[in-house]
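Asker: Got a structure here, written out as structure tokens. Questions coming.
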Amino acid sequence: MDIKVHVRESDDDAYVVELGGEIDVYTSPKVKDAITELIDQGHYNLVINLEKVRYIDSTGLGVLIGGLKRVREHGGTVNLVCTNPQIKKIFDITGLVKIFGIYDDETGAQKAFA
Amino acid sequence: MDIKVHVRESDDDAYVVELGGEIDVYTSPKVKDAITELIDQGHYNLVINLEKVRYIDSTGLGVLIGGLKRVREHGGTVNLVCTNPQIKKIFDITGLVKIFGIYDDETGAQKAFA
Amino acid sequence: MNAAAAMAEHLGTVELRIPSKPEWVAVARLAVAAIANRLPFSVEEIEDLKLAIAESCTICIQHGAGGETIDMTCETLTSHLRIVIRDHRYRLRATGSEAARAGAAPAVEGLGIFLIQALMDELEYSIDPQMGTELVMVKRVGT
Amino acid sequence: MNAAAAMAEHLGTVELRIPSKPEWVAVARLAVAAIANRLPFSVEEIEDLKLAIAESCTICIQHGAGGETIDMTCETLTSHLRIVIRDHRYRLRATGSEAARAGAAPAVEGLGIFLIQALMDELEYSIDPQMGTELVMVKRVGT
Ligand SMILES: Nc1ncnc2c1ncn2[C@@H]1O[C@H](COP(=O)(O)OP(=O)(O)O)[C@@H](O)[C@H]1O
Ligand SMILES: Nc1ncnc2c1ncn2[C@@H]1O[C@H](COP(=O)(O)OP(=O)(O)O)[C@@H](O)[C@H]1O
Numbered sequence: 001m002d003i004k005v006h007v008r009e010s011d012d013d014a015y016v017v018e019l020g021g022e023i024d025v026y027t028s029p030k031v032k033d034a035i036t037e038l039i040d041q042g043h044y045n046l047v048i049n050l051e052k053v054r055y056i057d058s059t060g061l062g063v064l065i066g067g068l069k070r071v072r073e074h075g076g077t078v079n080l081v082c083t084n085p086q087i088k089k090i091f092d093i094t095g096l097v098k099i100f101g102i103y104d105d106e107t108g109a110q111k112a113f114a
Numbered sequence: 115m116d117i118k119v120h121v122r123e124s125d126d127d128a129y130v131v132e133l134g135g136e137i138d139v140y141t142s143p144k145v146k147d148a149i150t151e152l153i154d155q156g157h158y159n160l161v162i163n164l165e166k167v168r169y170i171d172s173t174g175l176g177v178l179i180g181g182l183k184r185v186r187e188h189g190g191t192v193n194l195v196c197t198n199p200q201i202k203k204i205f206d207i208t209g210l211v212k213i214f215g216i217y218d219d220e221t222g223a224q225k226a227f228a
Numbered sequence: 229m230n231a232a233a234a235m236a237e238h239l240g241t242v243e244l245r246i247p248s249k250p251e252w253v254a255v256a257r258l259a260v261a262a263i264a265n266r267l268p269f270s271v272e273e274i275e276d277l278k279l280a281i282a283e284s285c286t287i288c289i290q291h292g293a294g295g296e297t298i299d300m301t302c303e304t305l306t307s308h309l310r311i312v313i314r315d316h317r318y319r320l321r322a323t324g325s326e327a328a329r330a331g332a333a334p335a336v337e338g339l340g341i342f343l344i345q346a347l348m349d350e351l352e353y354s355i356d357p358q359m360g361t362e363l364v365m366v367k368r369v370g371t
Numbered sequence: 372m373n374a375a376a377a378m379a380e381h382l383g384t385v386e387l388r389i390p391s392k393p394e395w396v397a398v399a400r401l402a403v404a405a406i407a408n409r410l411p412f413s414v415e416e417i418e419d420l421k422l423a424i425a426e427s428c429t430i431c432i433q434h435g436a437g438g439e440t441i442d443m444t445c446e447t448l449t450s451h452l453r454i455v456i457r458d459h460r461y462r463l464r465a466t467g468s469e470a471a472r473a474g475a476a477p478a479v480e481g482l483g484i485f486l487i488q489a490l491m492d493e494l495e496y497s498i499d500p501q502m503g504t505e506l507v508m509v510k511r512v513g514t
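So the sequences go chain by chain: A, B, C and D.
Numbering-wise, my numbering puts 7 at position 7 of the first sequence, and it's gapless, one number per residue.
Numbering-wise, my numbering puts 127 at position 13 of the second sequence, and it's gapless, one number per residue.
Numbering-wise, my numbering puts 296 at position 68 of the third sequence, and it's gapless, one number per residue.
Numbering-wise, my numbering puts 433 at position 62 of the fourth sequence, and it's gapless, one number per residue.
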């Protein structure tokens, strides 16, 4: 079990957090740290790319929700990139599909900031 | 856990048993049945293709050894196709590499009958 | 239990005990996937089961009575998989869901419980920081 | 035990019980792979561990005392993984390998035992159709 977290600046003044592997009760603190660091640095428009994520649980969802709440306080937002049908299902079931922008690729997720 | 067994006649008057999946104490009887049926039908030159086998244990090796013993009584032989390094290692460790012909592809394994 | 379940054949029971720590939840997830493979569940249903058992372990870790281990019993029948997850040797009374809910009010109605409820066919649970945690869940074959 | 092993930190213990039947061995194999993931084993070493635990289960099934379950205890330390596999609640005497071998002669010196011996760093075993089967094996990290 493993998580990969890769942060990079995109062209559109947004930051992309690229995640890979499994986000669960063990690995989600690492995801939270990466997102918290970006927000603390004053970056409020985030793309979180879940394309390489095979698994996410409620603690991972909690980290994403927490991040969204914080950036919204600064007028920012979190857009997700997600294509895995199992993970999309989780966002559907929980109704989180209504509070996050969910896109099929990074281009779409970044355009949404414009 | 699953095993796939596919038997077909090759050009060179040999029979090819193509196996896929995992050969263990649960699935090896199915492999044994396929080999036994071929031998009972009078086919003594066998190619057993392990390319799609991810795992083999001692019961699987026992089935291959048993098959080899029976075809040898009729002047036949068993040639194996195996490329997976983990499985090759098992044949090395057990010394079975010396009693089976082990080939990198079916063409090689079949030429060996000529 | 309906008539079909009553006629179901018992295939076997697997028991698993892991330390009540985040880094061990993946073991429960992979073990339940291997167990579920004994039944004709779809890939999607197996993913559901993995998530449900992981959420249960997470609840035991985060809201448990500080038990050192999480114990899981996975009963496999031709008709369904029944999983009991418990922390600290606490056991649901035999009367089941009713009793559990009538007893100490569950401490959490969070996302984890919500997901388990959505992904499984049956769920009974009791979460109590003093008594411990127990969840009993059923996933039926071919529904 | 050498000095390095003596200083090793205990990370956690996982216990698994499966029915003593061929169709359940895959569960042990996948569970041990997940457990081994907690230590810096290579992919090849994890494959070795999967084969070793499966061979142990096969021995319990084929040469066991007819126990209904196979019990496995996987102790994870920073320095090594120690696995005990037993059938029918039989336990090796504390004196270990010597005692086990001096007792009832193992019924099998077959391919399975040979493979476990080749793939693991330490092995003690006792196989007896009356008493039951117990294997204790160790795989060290970074050897
Ligand atoms: N459906 C939802 N929509 C929006 N936010 C949610 C939803 N469910 C839970 N949350 C929020 O996600 C975070 C984690 O939730 P949860 O896992 O329920 O917490 P816990 O189980 O630890 O009490 C909390 O901030 C909670 O308010
Ligand atoms: N290294 C070897 N070379 C050739 N044949 C072997 C070797 N090891 C075992 N065999 C044969 O393989 C078959 C299965 O072996 P094994 O697994 O040891 O049997 P057991 O059921 O007694 O454990 C037997 O026919 C045995 O004679």
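Heads up, the beta-carbon is just placed ideally off N, CA and C, and yes, glycines get one too.
For clarity, every value in this text was computed on a predicted model and none was experimentally measured.
Out of Ser172/B, Ser142/B, Gly215/B, which has the shortest C-alpha to C-alpha gap to Val119/B?
Answerer: Of the listed residues, the one whose Cα sits closest to Val119/B is Ser142/B.
Asker: Have a look at Asp154/B, Thr208/B, Ala226/B, Arg122/B and flag the residue whose alpha-carbon is nearest the alpha-carbon of Ile170/B.
Answerer: Of Asp154/B, Thr208/B, Ala226/B, Arg122/B, the residue nearest in Cα terms is Thr208/B.
Asker: Rounded to the nearest angstrom, what separates His43/A and Gly75/A at their Cα positions?
Answerer: So the two alpha carbons sit approximately 11 Å from each other.
Asker: Quick one: Cα of Leu164/B to Cα of Asn198/B, how far?
Answerer: Rounded to the nearest angstrom, the two C-alpha atoms are 8 Å apart.
Asker: Could you tell me if Ser497/D is buried or exposed, where buried requires 16 or more neighbouring beta carbons within 10 angstroms of its beta carbon?
Answerer: Buried is the call here.
Asker: Beta-carbon of Arg511/D versus every beta-carbon of chain C: anything under 8 Å?
Answerer: Output row for Arg511/D: interface = no.
Asker: Helix, strand or coil: which one does DSSP assign to Pro247/C?
Answerer: Pro247/C: strand per DSSP, three-state reduction.
Asker: Starting from the Cα of Lys421/D, find the closest Cα among Val507/D, Gly437/D, Arg388/D, Ile487/D and give me that residue.
Answerer: The option with the nearest alpha carbon to Lys421/D is Ile487/D.
Asker: Using a cut-off of 8 Å between C-beta atoms, extract the partners of Gly338/C located in chain A.
Answerer: What Gly338/C touches in chain A: Ser58.
Asker: Using the Cα positions of Ser284/C and Ala262/C, report the straight-line distance between them to the nearest angstrom.
Answerer: Looking at the two C-alpha atoms, the distance is approximately 18 Å.
Asker: Hey, is Ala425/D's beta-carbon within less than 8 Å of any beta-carbon in chain C?
Answerer: Chain C contact via Cβ: absent.
Asker: Can you grab the Cα-Cα spacing for the pair Thr36/A / Asp315/C, in whole Å?
Answerer: Near 32 Å, if we compare the C-alpha coordinates of Asp315/C and Thr36/A.
Asker: Mind listing the chain B neighbours of Val396/D? Cutoff is C-beta to C-beta under 7 Å, in chain order.
Answerer: In chain order: Asp138, Val139, Tyr140.
Asker: Give a yes or no on whether the C-beta atoms belonging to Leu482/D and Gly176/B are separated by under 8 Å.
Answerer: Yes, these two residues count as a Cβ contact at 8 Å.
Asker: Give the list of continuous alpha helix (DSSP H) stretches no shorter than 4 residues that lie fully inside the region 236 to 293 of chain C.
Answerer: Within the region 236 to 293 of chain C, the complete alpha helix (DSSP H) runs of at least 4 residues are 253 to 264, 271 to 291.
Asker: Would you mind telling me which residues of chain C sit closer than 9 Å to Leu422/D, beta carbon to beta carbon, in chain order?
Answerer: Simply none; closest approach about 16 Å.
Asker: I'd like to know whether the C-beta of Thr514/D is nearer than 8 Å to at least one C-beta of chain C.
Answerer: No - not a single Cβ of chain C is within 8 Å of the one on Thr514/D.
Asker: My understanding is that Phe227/B touches Val192/B, with C-beta atoms under 8 Å, so please give their C-beta distance in whole angstroms.
Answerer: Phe227/B to Val192/B, Cβ: 11 Å. No contact.
Asker: If we call anything under 8 Å between Cβ atoms a contact, is Glu296/C one with Tyr26/A?
Answerer: Taking 8 Å as the Cβ cut-off, Glu296/C and Tyr26/A do not qualify as a contacting pair.
Asker: If the cut is a Cβ gap below 8 Å, which residues of chain D does Lys134/B touch?
Answerer: The question names Lys, yet the displayed sequence has Gly at residue 134/B. Near Gly134/B there are no residues of chain D at all, since even the closest Cβ is about 15 Å away, more than 8 Å.
Asker: Is the CB of Arg175/B under 8 Å away from at least one CB in chain D?
Answerer: Sequence inspection shows Leu at residue 175/B; the Arg mentioned does not correspond to that position. Yes, because at least one Cβ of chain D sits closer than 8 Å to the Cβ of Leu175/B.
Asker: Please determine, among Gly174/B, Ala128/B, Ile204/B, Lys166/B, the residue with the shortest C-alpha to C-alpha distance to Val185/B.
Answerer: Selected option, being the one with the closest Cα: Ala128/B.
Asker: Report all residues from its chain with a CB closer than 6 Å to the CB of Ile456/D; omit the five preceding and five following residues, and keep chain order.
Answerer: Correct list, in chain order: Ser427, Met443, Leu506.
Asker: Using DSSP's beta-bridge definition, name the partner residues of Thr297/C.
Answerer: Its beta-bridge partners are Pro247/C.
Asker: Could you name the residues of chain C that Val385/D contacts, counting a contact when the two beta carbons are closer than 8 Å?
Answerer: Here the neighbours are Leu244, Arg245, Ile246, Pro247, Trp252, Val255.
Asker: How many whole angstroms separate the CB atoms of Glu418/D and Arg245/C, which I take to be in contact at a CB cut-off of 8 Å?
Answerer: Glu418/D to Arg245/C, Cβ: 25 Å. No contact.
Asker: Can you name the residues of chain B whose CB is closer than 7 Å to the CB of Ile406/D?
Answerer: Correct list: empty, because the minimum Cβ distance to chain B is about 17 Å.
Asker: To the nearest angstrom, report how far apart Lys144/B and Leu64/A are at their CA atoms.
Answerer: Distance between the alpha carbons of Lys144/B and Leu64/A is about 48 Å.
Asker: My output table needs one value for Gly21/A: the three-state DSSP class, helix, strand or coil.
Answerer: Looking at Gly21/A - three-state DSSP - the assignment turns out to be strand.
Asker: I'd like the list of long-range same chain contacts for His381/D, defined as Cβ closer than 7 Å, with 5 residues on each side in sequence excluded.
Answerer: Result list for His381/D: Leu448, in chain order.
Asker: Here's a check: name, in chain order, each residue in its chain whose Cβ is nearer than 6 Å to the Cβ of Asp24/A, leaving out the five neighbours to either side.
Answerer: Closer than 6 Å at Cβ, skipping near neighbours: Asp57.
Asker: Can you grab the Cα-Cα spacing for the pair Ser10/A / Leu19/A, in whole Å?
Answerer: The straight-line gap from Cα to Cα measures roughly 15 Å.
Asker: Which value, in whole angstroms, describes the spacing of the CA atoms of Asn45/A and Lys69/A?
Answerer: Roughly 12 Å separates the two Cα atoms.
Asker: Skipping 5 residues on each side, what residues in its chain have a beta carbon closer than 7 Å to that of Ala425/D?
Answerer: The answer, listed in chain order, is Val396, Ala399, Arg400.
Asker: Buried or exposed for Met378/D, please, with buried defined as at least 16 other CB atoms from any protein chain shown within 10 angstroms of its CB.
Answerer: Exposed, since its Cβ has fewer than 16 Cβ neighbours within 10 Å.
Asker: Can you pull the chain A neighbours of Phe342/C, defined as C-beta to C-beta under 9 Å?
Answerer: The contacting residues are Ser58, Ile93, Thr94.
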